[in-house]
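Reviewing the structure listed below.
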Amino acid sequence: LIGRSQIVRLGDQQSAEVAVECGVPQGSVLGPILFLIYINDCVPGLDCDTAMFADEIKLWEVIHNAADEENL
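Next up, the structure:
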């Protein structure tokens, strides 16, 4: 997971190459496992609704009043 770089291509345009210093390659076998290890302790401590699947997490809160908005 070291010595990686990335380039973004859109149509006929291409960005400069940039070193990737952290993260897990998209589509890797380790992605979901490392995500679960990283996020597992965080979810119980969050004061919002959560949904997790594979290597993604969604966080949301229904805003009922100004206090909820302020907490957001």
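Offset between the sequence shown (1-based) and the numbering used here: plus 63.
The C-beta atom is built at its ideal place from N, Cα and C for all residues, glycine as well.
When the Cα atoms are used, what is the spatial distance from T113 to Q89?
Translated into positions along the sequence shown, residue 113 becomes position 50. Translated into positions along the sequence shown, residue 89 becomes position 26. Taking the straight line joining both Cα atoms gives about 22 Å.
Within this structure, are the beta carbons of L122 and L135 separated by less than 8 Å?
For the purposes of this step, residue 122 is taken as residue 59 along the sequence shown, with counting starting at 1. For the purposes of this step, residue 135 is taken as residue 72 along the sequence shown, with counting starting at 1. No.
Could you tell me the distance, in whole angstroms, from the CA atom of L73 to the CA atom of A82?
As a position in the sequence shown, residue 73 is number 10, starting the count at 1. As a position in the sequence shown, residue 82 is number 19, starting the count at 1. CA-to-CA, the gap between L73 and A82 works out to about 19 Å.
Can you pull the DSSP bridge partners for D112?
Looking up residue 112 in the sequence shown gives position 49. Its beta-bridge partners are W123.
Does the distance from the CB of E80 to the CB of I70 come in under 8 Å?
Translated into the one-based positions of the sequence shown, residue 80 becomes position 17. Translated into the one-based positions of the sequence shown, residue 70 becomes position 7. Their beta carbons are under 8 Å apart, which means E80 touches I70 by this criterion.
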